[in-house]
Amino acid sequence: MTKKMKKVCILFGMCLAVAVAQFPNGRSLHLPIPQACAQRVIHERTPDGKGYFFSWRDPQTRGVEKDWLDGRNFCRERCMDLISLETTAENEWIKQRLSTKM
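Those letters in the sequence shown? Residues -21 to -1, 1 to 81, by mature numbering (1 follows the signal peptide of the UniProt record, and there is no 0).
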């Protein structure tokens, strides 16, 4: 085995170990469910067209606590994802909705 091949194998092993360690107890990311995607609820849209689902506005999710993976899977099944705030304006927009629970 060449030196380069050993490095590739070690790198692959490290990546595999990290991937397995992310989701203990056999948990994993869910795939989108086409029917859930077609029926997903979007509570508000920003001027640039991003759609948002607010868990406190939905009777099925109001008051329900989930960890990061469960929350992400809820979103992924509906062709959405948990938010990553990308701009100051988006951050302020979200803060306003959180403070007023609109």
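Glycine included, C-beta positions come from ideal geometry on N, C-alpha and C.
message = In whole angstroms, give me the CA-to-CA distance for threonine 25 and glutamate 69.
response = If you take the alpha carbons of threonine 25 and glutamate 69, they lie about 8 Å apart.
inquiry  = Using 8 Å as the threshold, is the C-beta distance between isoleucine 12 and glutamate 71 below it?
reply    = The Cβ atoms of isoleucine 12 and glutamate 71 do not sit closer than 8 Å to each other.
key: Coil, strand or helix - arginine 76 by DSSP   = Annotated three-state conformation of arginine 76 is helix, per DSSP.
message = With a threshold of 7 Å on Cβ separation, who are the neighbours of phenylalanine 53 within its own chain once the five nearest residues in sequence on each side are excluded?
response = So the qualifying residues of the chain are Lys45.
task = Tell me whether glutamate 69 sits in a helix, a strand or coil according to DSSP, three-state version.
result = DSSP places glutamate 69 within a helical segment (H, G or I) once states are collapsed to three.
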